[in-house]
Each structure stands twice: as C-alpha cells, then as structure tokens.
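**Q**
Residue numbers (the working numbering): 151 to 695.
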C-alpha cells in the first residue's frame, strides 16, 4: 500500500468515526426533544463574545499565573467550562476563518491570509447560516480578522462600526486610532523606551503596555463596542437573534484603564513556569528559529528586569476584557431575553509569555492552542467542568444543532457539542487536529498526548499526563520511538492539505450579488493602513500585527 493511499484510508476511518459519533449525538438530541429549543418560535438567542490573544489564565481555570476574572468565572458557574479547548488556527486570521467557515485551513487554504475564501465563494459563513435560519444577526468588533476594506457584510442584519469610514478601514485600526486614549508619555513600556526609543513603532506596538486614566474608559474602542451590545440587549426583537461582539483586548498593546492594573497591587503575581534549556530537545529548524527570533524578546525583557511588568500588563487587560464581559452579562440578566439566551465565550488562540522562549502565538504548543471556551444558558448544564478535548471548529456545528439551522453547503469539520452541553458526563475524549501556518504542518491533541508534525517532517511528542508543560520531547534522539501511537494520532490529520489561498497585492472591495459575492480589485496595496506613532508623540499611521 502506498503512503498516499494509506493516508486516505486513515482519514476515511476518522471520518467514519466522526459519523458514528454524530449519529450517537443525533440520537441523543432526538430523545431530548429535537435539540435545545423544540419549536422554532422558542429557539434560543445567541450571545457570542470573542476576545483576542487571551490564553487560559482565567480565574476559574486555576492556572499559574491567574487573572482576576470574576465575570468570566460567573459565566462558567452558569454553564459548561471546557478546560481542554483548543484553537482551530495558530493566530488570528486562520483561527477566525476556521470558526466562521467550519473548515480548517487545510481545506480552505487560509493558513495566514486575512483575505478569506478568495477561491471559495460557496462557503457559507456562520452568520449567513444563522440569518438564513431565521435569526436577526448583529455584529461588532473583531470577529473575522478583517484588514481594511474587507469586512464580509454578508449575513449581518447590522454590523456596528464606530465610525463610517471603518468599512474601508475595518477593526484593525479601531483600538489604535488617534482619538482613542493612549498612555502618556508614549511609548509606555520600559521595553519600547529602552529598545525602540525614537524609532517608528509600526508593526503592532509589540511588548507595549501601560494604563490610561480611568475617567477615559468610556472612550476606549472595546468599551464602546460593549455598550453597543448592551443597547441591543435592551431592544425588543421579533425573531431570535445572534449578537456577536469581538473585543481586541488583551492583544498588544496592553493598554487599559489604570484601575485594572491596580487590581494586582499588593498581590503576588507568579510567572509562568519556564525551563531554561527548554529549546534543547526541539527539532533543529524550530530551535534555530526560536533562538534567532522570538527568544531575543524574552532575553531582552530579562535583561531589563521587565518580565513581571509585561505579564502584569497582559493580566490587567484580561481583567479589562472581563469587565466588558460583565457589562454584557449584567445587561442580559436585566433584559427580557435572559431566560432564552445561550452565551458562548471564546478566545481565538492563546499566548506565550516566555514559555519555550516565546512571546506571542504562532506555535503548535499548548500556550498557543489552549483557549477559554465556555457555554451557558437554557439547555446547558450548570456548573460543569469538562476536560474532554474540543476545538473552536466545533462551534459552528454546535450552533447548527442548538439553533436548528439548515445544513450549510460545505462539510463542517468539527463535531457538535450539543449533547455534551446537555450532559457533559456522556462526552468521550477525541483527537483534535490543529493546522500550522504552512500546508503539512499540524498538531494532534487529546487528553494524554500532543503530537506535532512540521512541513519538513520533523516531529515532537509530549506525554501530557506526565509532562503538562511540554518540557520533554519524547522523540528527541529517538525518531523511531512511539511509531504505533503516532500512527494512530496521525489519523486525525487530513490526507492532503490545500495550498495557500491566493493573495493579491491590490485593494479589494466586497461586492454582494444576492447570496454570493466577489472581490472587486482596485489599484493600490492590500496592506492595512493604521496609526503609526513615534516615541514621545502621537501622529501618522500604525499597522496591525
């Protein structure tokens, strides 16, 4: 049997397993009354809250370190908290593309590009399925990873923009636009004052943190979006609604009101566990890449004794995000929709703070992949904690079941969690697939193992029961070890990977034609134009990272 045939048969076996599990879930839903809602008129509303770059340091997870997140914690107490949930892409663009399309980058080609589905206009995004299923759909903020001029307006009854020109400019400028409060003096962090003094701080204000005056909290872009969501919850709706709000925080720059920094005053904030020689057992290419690039940031932070401050800036912004979640939960509880609304909370991916020498995302390790993922509302078990392995790719098929939506034309590659939400004790663990930024790279994760396969065939394997920090690559110096186990894990990966989606160096405008769309190309660049600031002053444009 040749290798390609073997891969195809393994992937087919995986699909049969998924089909069998789907039949069991379907049977359970029939027994429970055709899903969550029964009659169409009583279908639940959905409030979806997304945050950016938030790892699993939420209070209810009991991690080290742990952010102060009372509102996210109370949401978890009301519903099901998935503690072993993983992203569907290793940074913003592919993760959000996968969640909203129901397909991984290995199928769509959206490994890196923010220009979604150039060659796949038949893909039906989640909001379109909800609208075609009878839902009013309201969106705001960072949901997709939109560059300027590329907001996908299909399927939205209303998409809130803080200013009219943001259809062209989109979310990526919103938090950094000139009228949004910034710390003074600028830059605020000792990292950028030390290493980037006088430089043009384009590229995302990396490793930048600081506080803004509390009295300007209502001027912050994420606060404005939260207040818009609160207003929508106060309205009367004649049909079930889907309200999706995407917050940019705690993505860098870590700017938030001073009171969220003060939450941590007088508290010991332990740093994440870090092993000094953690890169030594990695494949050579990855070790060299991390040593030459990402680890340099960590070494610089250590040299100026700023690791604690950088972590604190991130935790403060997690607490700010939590307060925004609290505004929405409070409004929902006071609204006439409280008893018929399911809330789902997720982060697009995690974030490293020195683990494996990395500051950022873009990896196949646990710090990037593990994310908060919480569901609460009617039909959802209360106060349940589930450690079954799940993925953000599961959100779309779950909402199809929960909301009684028509089946989209594309094959949804996740699994519905509807049965698990009703009775978490019945859930079975499974192997979850996570694609990398290049075709052929991926991780497979379950409760016990993390297997990593790079496009150049280099590999890593971690025993998560014995080694939760992923400090011991079991394949280092033993490339032939664990082959039976690896063979089983690789069945979760597809036999073939789509090539990178085509990218264009021209600005494009989304043209809606009925239920379809195409991109109108124009002269110019497709790169986002954003606010740039130089040390000590606010002016110009700055790009998103």
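All C-beta atoms, glycine included, are put in the ideal place defined by N, C-alpha and C.
On the three-state DSSP scale, how would you describe residue 192?
**A** helix
**Q** Tell me, to the nearest whole angstrom, how far the beta carbon of residue 252 is from that of residue 585; I am working on the premise that it is less than 8 Å.
**A** The pair is not a contact, with the Cβ atoms about 14 Å apart (cut-off 8 Å).
**Q** Report the start-end ranges of each alpha helix (DSSP H) in the segment 595-632 that is 4 residues or longer and not cut off at the edges.
**A** none
**Q** Since residue 584 is in the beta strand (DSSP E), which residue starts that stretch and which ends it?
**A** 582-585
**Q** Could you say which of 468, 520, 290 lies nearest to residue 614 if we only look at CA atoms?
**A** That would be 520, whose Cα lies nearest to the Cα of residue 614.
**Q** For residue 332 versus residue 523, is the C-beta spacing smaller than 8 Å?
**A** no
**Q** Determine the extent of the beta strand (DSSP E) in which residue 250 is found, giving its start and end residues.
**A** Taken as a continuous stretch (DSSP letters only), residue 250 belongs to no beta strand (DSSP E), being part of the alpha helix (DSSP H) at 242-251.
**Q** Can you tell me whether residue 442 is buried or exposed? The criterion is at least 16 other CB atoms within 10 Å of its CB, across all chains shown.
**A** It is exposed - the Cβ of residue 442 has fewer than 16 other Cβ atoms within 10 Å.
**Q** Could you please give me the residues that DSSP links to residue 406 through a beta bridge?
**A** Here residue 406 is bridged, per DSSP, to 361.
**Q** Should residue 200 go down as buried or exposed, given a rule of 16 or more other Cβ atoms within 10 Å for buried?
**A** buried
**Q** I need the DSSP call for residue 341, collapsed to helix, strand or coil.
**A** helix
**Q** If I'm right that residue 590 touches residue 647 with Cβ under 8 Å, what's the distance once you round it to whole angstroms?
**A** Right, the Cβ-Cβ distance comes to about 5 Å (below 8 Å), so this counts as a contact.
**Q** May I have the straight-line CA-CA distance separating residue 626 from residue 611, to the nearest angstrom?
**A** Rounded to whole angstroms, the gap between the alpha carbons of residue 626 and residue 611 is 9 Å.
**Q** Kindly indicate the opening and closing residues of the alpha helix (DSSP H) around residue 435.
**A** 434-442
**Q** Output the boundary residues of the alpha helix (DSSP H) element that contains residue 476.
**A** 457-484
**Q** Got a sec? Which residues, its chain only, sit under 6 Å from residue 403 by beta carbon, not counting five neighbours each side?
**A** 355, 358
**Q** Would you mind giving the Cβ-Cβ distance between residue 218 and residue 413, rounded to the nearest angstrom? I have them listed as a contact below 8 Å.
**A** 5 Å
**Q** Which residue from 194, 221, 215, 502 puts its Cα closest to that of residue 473?
**A** Comparing Cα positions, the closest option is 221.
**Q** How many angstroms separate the CA atom of residue 542 from the CA atom of residue 235?
**A** Taking the CA atoms as reference points, residue 542 sits about 7 Å from residue 235.
**Q** Helix, strand or coil, according to DSSP, for residue 515 in the structure here?
**A** coil
**Q** Helix, strand or coil for residue 373 per DSSP?
**A** Three-state result, residue 373: helix.
**Q** For residue 387, tell me which candidate among 364, 622, 490, 515 has the shortest Cα-Cα distance.
**A** If we check each option's Cα against that of residue 387, 490 comes out closest.
**Q** Let me check understanding here. Comparing Cα to Cα, which of 512, 286, 530 lies closest to residue 503?
**A** 512
**Q** Looking only at DSSP bridge pairs, what is residue 393 linked to?
**A** 197, 288
**Q** Give the DSSP bridge partners of residue 520, in chain order.
**A** Residue pairing by DSSP places residue 520 opposite 236 in a beta bridge.
**Q** When DSSP labels each residue in this structure, what does residue 332 get in the three-state scheme?
**A** coil
**Q** Buried or exposed, going by whether 16 or more other CB atoms sit within 10 Å of the CB of residue 436?
**A** buried
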